[in-house]
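S.K.: Once you've had a glance at the structure underneath, I'll fire off some questions.
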Amino acid sequence: MTASYRDLGRFYFEYAIRDEDAFGSPGLSNKIDGTVTEAEITLLSHPRIGLLGRYDTLRYRDVFGPNAGINRFTWGLTAVLPGGSLLIVNHEYWMFPAPQSDVDVVGARWVVTY
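Residue numbering for the sequence shown follows our numbering, starting at 1 and increasing by one per position.
So this is what it looks like as structure tokens:
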């Protein structure tokens, strides 16, 4: 689902699920599902700069072992560059199940569409 209001903001939501046969166990399946929720607000029109927020989830339910999940929160700035490419500078916070530690990631992405 995507919604936007003029050129001021955009909202995106997606849910996906996958069932796969469990190896060696007829009739049983592993399940993987997750969501993506993203919003962007325009801070400046010229040059176009936006504030981006995103929350992702991923869950894995295995018939043979423990269930697991990963959540990630991302926030950052987007800038449309001359020529139409997009620069994204962001911080990601990955939340893993115990006993793993959570992780902070700082990233820069350059997106070119042709």
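Using N, Cα and C, we set each Cβ at its ideal position, and we do this for glycine too. Small disclaimer: the values here were computed from a predicted structure and weren't measured.
For the beta strand (DSSP E) containing residue 95, name the first residue and the last one.
M.R.: Where residue 95 is concerned, the enclosing beta strand (DSSP E) stretches over 86-95.
S.K.: By the DSSP assignment, the beta strand (DSSP E) with residue 27 in it spans what residues?
M.R.: Residue 27 -> no beta strand (DSSP E), and no H or E assigned at all.
S.K.: Nearest CA to the CA of residue 42: which residue from 27, 83, 5 and 34?
M.R.: Of the candidates 27, 83, 5 and 34, the one whose C-alpha sits nearest the C-alpha of residue 42 is 5.
S.K.: Which stretch, first to last residue, makes up the beta strand (DSSP E) that contains residue 61?
M.R.: Residue 61 -> beta strand (DSSP E) spans 49-61.
S.K.: Have a look at the DSSP bridge pairing and note the partners of residue 103.
M.R.: Paired residues: 94.
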